[in-house]
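Presented below is the structure to which this report refers.
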Amino acid sequence: MVFILASTNLLTARIAAGCFIVALLIVLFVAKNWLLRGLCIGFIVFLAIIWVLQVYTKARILRFVILFIGVMNSLFSVYDIYDDTISRRVHSSDAEKFAELCPCPCTGAGWGVIWGLISFMFLCGSMYLGLVILS
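Just add 2 to the spot in the sequence shown (first one is 1) and you have my numbering.
What follows is the structure in structure tokens.
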């Protein structure tokens, strides 16, 4: 959601890209396998190239890259909630454990639907704020 809102302005897109690069550098040093390290290095190089293109050419694509990362993260969040709680019934999932602890008569799949709708509403709200109000 933050990346979607940060993509509305060039300065905020640069701040979001910088924060994302710092987070990737932290994960790069904490990662225990080389696949994750390679992905981190790849994203750092990709964002650095986009940033350099933004500064030295007329190509203004950093905002769109940050917007793409934000929308894809939000969509994956909705898909992951669906995959973990609604389509597969795993007794050890977070939704099943929450349904056991909660006094209301909702099952794990019911909580998955509720969490998925909340996540989707946040995605739609951030896209609305980014496209209509802040642009």
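By construction, the Cβ of each residue, glycine as well, lies at the ideal position given by its N, Cα and C atoms. Please read all numbers here as calculations on a predicted model, not as lab measurements.
Reduced DSSP secondary structure (H/G/I, E/B, other) of residue i
{"i": "residue 75", "result": "helix"}
{"i": "residue 129", "result": "helix"}
{"i": "residue 95", "result": "coil"}
{"i": "residue 109", "result": "coil"}
{"i": "residue 3", "result": "coil"}
Spatial distance of residue i from residue j (CA atoms)
{"i": "residue 47", "j": "residue 89", "result": "36 Å"}
{"i": "residue 69", "j": "residue 30", "result": "23 Å"}
{"i": "residue 44", "j": "residue 104", "result": "42 Å"}
{"i": "residue 115", "j": "residue 129", "result": "21 Å"}
{"i": "residue 42", "j": "residue 5", "result": "18 Å"}
{"i": "residue 34", "j": "residue 22", "result": "20 Å"}
Residue i: first and last residue of the uninterrupted alpha helix (DSSP H) it sits in
{"i": "residue 136", "result": "Unbroken run through residue 136: none, as it is neither H nor E."}
Every unbroken alpha helix (DSSP H) within the segment 9-80, with a cutoff of 4 residues, ordered by chain = 12-32, 36-58
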